[in-house]
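Scroll down for the structure; my scribbles are underneath it.
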Amino acid sequence: MNQPPIETKEKKESLNFIEQIIEEDIRNDKNGGKVLTRFPPEPNGYLHIGHAKSICLNFGLGINYNGSTNLRFDDTNPAKEDIEYVDSIQEDVKWLGFKWNNEPLYASDYFDKLYDLAVELIKKGKAYICEQSPEEMAAYKGTPTQPGKPSPWRDRPVEESLDLFARMKNGEFEEGTKMLRAKIDLASPNMHMRDPIMYRIKKADHHRTGKKWCIYPMYDYAHGQSDYFEGITHSICTLEFEVHRPLYDWFLDQMVEPGGYRPRQIEFARLNLSYTIMSKRKLLRLVQEKHVSGWDDPRMPTISGYRRRGYTPESIRNFAERIGVAKRDNLIDVSLLEFSVREDLNKKALRVMGVLNPLKVVITNYPEGKSEQLDAINNPEDQSMGTRKVSFAREIFIEKDDFLEEAPKNFFRLSPGNEVRLRYAYFIKCTDVVKDANGQITELHCTYDPATKGGNAPDGRKVKGTIHWVDASNHVNAEVRLYDRLFNVEEPDEAEEGKDFLSHINPDSLKVIRAFVEKAVETGKPGDKYQFERMGYFCIDKDAAPNNVVFNRTVTLKDTWAKIANK
RNA sequence: UGACCUGUGGUGUAAUUGGCAACACGACAGAUUCUGACUCUGUUAUUCCAGGUUCGAGUCCUGGCAGGUCAACCA
Numbered sequence: 000m001n002q003p004p005i006e007t008k009e010k011k012e013s014l015n016f017i018e019q020i021i022e023e024d025i026r027n028d029k030n031g032g033k034v035l036t037r038f039p040p041e042p043n044g045y046l047h048i049g050h051a052k053s054i055c056l057n058f059g060l061g062i063n064y065n066g067s068t069n070l071r072f073d074d075t076n077p078a079k080e081d082i083e084y085v086d087s088i089q090e091d092v093k094w095l096g097f098k099w100n101n102e103p104l105y106a107s108d109y110f111d112k113l114y115d116l117a118v119e120l121i122k123k124g125k126a127y128i129c130e131q132s133p134e135e136m137a138a139y140k141g142t143p144t145q146p147g148k149p150s151p152w153r154d155r156p157v158e159e160s161l162d163l164f165a166r167m168k169n170g171e172f173e174e175g176t177k178m179l180r181a182k183i184d185l186a187s188p189n190m191h192m193r194d195p196i197m198y199r200i201k202k203a204d205h206h207r208t209g210k211k212w213c214i215y216p217m218y219d220y221a222h223g224q225s226d227y228f229e230g231i232t233h234s235i236c237t238l239e240f241e242v243h244r245p246l247y248d249w250f251l252d253q254m255v256e257p258g259g260y261r262p263r264q265i266e267f268a269r270l271n272l273s274y275t276i277m278s279k280r281k282l283l284r285l286v287q288e289k290h291v292s293g294w295d296d297p298r299m300p301t302i303s304g305y306r307r308r309g310y311t312p313e314s315i316r317n318f319a320e321r322i323g324v325a326k327r328d329n330l331i332d333v334s335l336l337e338f339s340v341r342e343d344l345n346k347k348a349l350r351v352m353g354v355l356n357p358l359k360v361v362i363t364n365y366p367e368g369k370s371e372q373l374d375a376i377n378n379p380e381d382q383s384m385g386t387r388k389v390s391f392a393r394e395i396f397i398e399k400d401d402f403l404e405e406a407p408k409n410f411f412r413l414s415p416g417n418e419v420r421l422r423y424a425y426f427i428k429c430t431d432v433v434k435d436a437n438g439q440i441t442e443l444h445c446t447y448d449p450a451t452k453g454g455n456a457p458d459g460r461k462v463k464g465t466i467h468w469v470d471a472s473n474h475v476n477a478e479v480r481l482y483d484r485l486f487n488v489e490e491p492d493e494a495e496e497g498k499d500f501l502s503h504i505n506p507d508s509l510k511v512i513r514a515f516v517e518k519a520v521e522t523g524k525p526g527d528k529y530q531f532e533r534m535g536y537f538c539i540d541k542d543a544a545p546n547n548v549v550f551n552r553t554v555t556l557k558d559t560w561a562k563i564a565n566k
């Protein structure tokens with residue numbers, strides 16, 4: 000319906016299994032050929048990249064099949080849920096570029112309907128009030144290989160259940176003393192069919208309904224019926240709900256008329272990303288135990304974390320498109336995500352020069368006191384982004400790694416006697432290496448060729464290397480936060496006996512440095528994205544202050560030299 | 001030892017539904033380059049196993065094997 004235009008890759012020729020199902024449903028005119036999906040987060044944490052996959056899937060289907068998508072908060076457990084999460088989830092979905100139908104919906108909007116429906120089920124003898132303790136119930140439920148036994152309350156009179164259910168609602172009983180159970184099949188090989196709980200007593204304030212309720216519906220009951228109330232056609236969830244599907248269908252069977260409208264649950268494999276964790280519970284621990292600065296710490300796999308890190312919505316959408324959708328367990332290499340950001344930022348980010356690890360260079364034959372404004376291209380991938388001026392003078396800084404006193408033959412950068420180009424400036428040659436008492440290089444003396452202004456030699460001679468630099472007395476001194484992966488193993492969840500995922504935290508995942516960046520960034524605002532040429536993509540963090548620019552490194556550039564040097 | 005699901009290059013996803021196993025990422029080699037980036041070219045490597053049906057099987061059948069999920073008053 001009111002979907003915004005989405006930039007994605009060209010229409011692909013092959014369909015994933017969900018699209019195949021949907022196209023077949025449309026061909027069969029199921030549900031009138033309509034497509035209505037939903038994204039149903041529980042507001043008990045921030046959304047992560049795994050949710051992004053689901054969001055792109057659900058909203059993408061809505062868009063591609065001329066349908067639409069509801070945002071529905073699955074808020075049936077007031078003990079864990081919070082308004083902070085409701086807000087962050089909406090912000091994240093919007094940021095990704097998707098628009099849901101009308102206002103956000105809430106399972107709690109249906110509490111009355113759900114209650115009435117439960118009463119009907121009791122009247123039909125399909126549900127009963129059970130008074131077993133959690134331990135008793137577990138014991139009676141059996142195991143996957145052994146059938147369960149009926150609860151002593153299973154065949155209590157309908158009137159009694161009705162009365163008890165009403166009194167539960169009125170708050171007459173304590174938590175854990177009574178529950179409403181569906182009467183299905185204690186012998187089912189599927190544990191979820193062994194008289195699952197529909198309602199439990201919970202005397203907690205709900206973020207929307209306040210103190211109105213002290214009984215709350217369970218997921219299996221609330222979710223499918225909410226789908227039904229909303230007219231959802233395809234209810235897409237992750238694989239672990241596959242065994243819940245018979246129950247989803249059972250509840251539906253109690254209310255739909257044969258041949259009429261009916262939603263359908265389809266399961267796909269959740270995203271697993273190498274070197275990261277995706278469990279909300281564990282992410283919450285990282286936040287609570289302060290291993291990270293918050294849900295939006297740029298090292299977090301949360302959508303807000305990636306946003307702060309400098310990822311773009313397009314890059315995440317393209318990533319979601321690339322990883323595809325299927326039913327087998329997967330472990331996606333983070334390098335694919337990184338490829339997706341680089342690809343997008345390459346087209347969009349303003350180029351700028353920034354020196355992260357400075358080494359002073361004095362150009363001895365350049366006039367003292369002189370300075371020039373040289374032309375630099377803002378983005379070679381997009382000429383429309385124009386040019387800017389960069390300040391040049393006798394003293395500059397270059398990257399420490401760009402000089403080697405004893406250089407191997409395949410080292411194209413600065414070394415004694417080897418001429419290199421200062422990007423957009425001049426060719427220089429190193430004449431002297433100045434060292435301190437410890438033998439550490441403190442500065443370089445170079446000469447420049449005035450004829451090579453702008454970066455080209457009139458005599459046509461070539462240099463192999465081009466390095467970046469900044470004017471020593473005319474630059475921005477910025478804080479730069481260098482991020483690395485949060486965990487140092489591919490699957491942090493796979494911890495050995497007695498340890499947990501925290502034992503795999505990378506102690507060097509954040510390094511804060513001061514760097515010298517050309518003046519052009521001075522006017523940047525939080526969220527602005529740059530490529531520090533030859534170094535990586537950086538964006539201005541929200542912590543930036545007028546006199547203190549703060550950058551987050553989004554991702555490094557691909558570094559072929561580092562690979563060669565390591566050999 | 002139950003039920004359900006899943007097995008295709010290093011990773012992920014395809015294969016016109018029984019007809020030459022392809023695309024992306026990675027890796028490797030080269031070209032290009034005022035970013036050792038980007039771009040371009042090339043190379044590498046794949047149908048879990050064993051039978052069967054068929055002119056022909058990744059696809060169908062049988063039997064194995066491997067992995068995942070399920071026994072919260074969580075979602």
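Straight run, no breaks: the first sequence in numbering that gives the first Met the number 0 ends on number 566. By construction, the Cβ of each residue, glycine as well, lies at the ideal position given by its N, Cα and C atoms.
Distance CB(residue i)-CB(residue j) smaller than 9 Å
i: Met-352; j: Glu-478; result: no
i: Ile-196; j: Phe-164; result: no
i: Leu-282; j: Gly-523; result: no
i: Lys-326; j: Phe-267; result: yes
i: Glu-130; j: Thr-75; result: no
i: Arg-306; j: Asp-295; result: yes
i: Leu-70; j: Pro-103; result: yes
i: Arg-180; j: Arg-153; result: yes
i: Arg-350; j: Asn-378; result: yes
i: Arg-484; j: Tyr-274; result: yes
i: Gly-454; j: Thr-441; result: no
i: Gly-49; j: Met-277; result: yes
DSSP three-state assignment for residue i, whether helix, strand or coil
i: Ala-564; result: helix
i: Lys-52; result: helix
i: Ile-214; result: strand
i: Trp-294; result: coil
i: Ile-196; result: strand
i: Lys-528; result: strand
i: Val-92; result: helix
i: Leu-120; result: helix
i: Leu-355; result: coil
i: Arg-155; result: coil
i: Pro-106; result: Position check: residue 106 holds Ala in this sequence, whereas Pro was assumed. Residue state, collapsed to three classes: helix.
i: Lys-347; result: helix
i: Asp-74; result: coil
i: Asn-100; result: coil
i: Glu-9; result: Here Glu-9 scores only 39 on pLDDT, less than 50, and its place in the model should not be relied on; the value that follows carries that caveat. Note: Glu-9 maps to coil in three-state DSSP.
i: Arg-180; result: strand
i: Asn-547; result: strand
i: Ala-126; result: strand
i: Arg-244; result: helix
i: Gly-230; result: coil
i: Leu-330; result: coil
Cα-Cα separation between residue i and residue j, rounded to whole angstroms
i: Tyr-105; j: Gly-230; result: 14 Å
i: Ile-128; j: Met-254; result: 20 Å
i: His-233; j: Phe-411; result: 57 Å
i: Ala-78; j: Pro-297; result: 28 Å
i: Arg-552; j: His-243; result: 42 Å
i: Asn-546; j: Glu-394; result: 23 Å
i: Ser-339; j: Glu-241; result: 31 Å
i: Tyr-114; j: Ala-51; result: 33 Å
i: Tyr-425; j: Tyr-447; result: 6 Å
i: Gly-582; j: Ile-20; result: The first residue shown for the chain is 0 and the last is 566, placing residue 582 beyond what the model contains.
i: Gly-497; j: Leu-556; result: 38 Å
i: Met-299; j: Lys-461; result: 45 Å
i: Asn-565; j: Leu-413; result: 19 Å
i: Asn-538; j: Glu-371; result: The sequence as given places Cys at residue 538; Asn does not occur at that position. The straight-line gap from Cα to Cα measures roughly 27 Å.
i: Ala-514; j: Pro-262; result: 56 Å
i: Asp-91; j: Glu-171; result: 40 Å
i: Asp-470; j: Lys-289; result: 39 Å
>> Check whether the region 218 to 226 and the region 146 to 161 are in contact - that is, three or more C-beta pairs closer than 8 Å.
In response: Contact between the region 218 to 226 and the region 146 to 161 is absent: fewer than 3 CB-CB pairs across the two stretches fall below 8 Å.
> Do the region 412 to 427 and the region 354 to 374 touch if we need at least three Cβ pairs shorter than 8 Å?
Replying inline: Touching, yes.
> Can you give, in chain order, each stretch of the beta strand (DSSP E) that sits fully within the region 246 to 328 and has at least 3 residues?
Replying inline: The region 246 to 328 is shown to contain whole beta strand (DSSP E) runs of 3 or more residues at 263 to 267, in chain order.
> What are the start and end residues of each continuous alpha helix (DSSP H) run of 4 or more residues lying completely inside the region 360 to 419, in chain order?
Replying inline: The qualifying runs do not exist here; there are none.
>> In chain order, what are the residue ranges of uninterrupted beta strand (DSSP E) at least 3 long that sit wholly in the region 453 to 535?
In response: Secondary structure in the region 453 to 535: the beta strand (DSSP E) runs of 3 residues or longer, each lying completely within the stretch, are 468 to 470, 475 to 482, 509 to 516 and 528 to 531 in chain order.
> Would you say the region 182 to 192 touches the region 132 to 151, given that touching needs at least three Cβ pairs under 8 Å?
Replying inline: The answer is yes - the region 132 to 151 touches the region 182 to 192, with three or more Cβ pairs under 8 Å.
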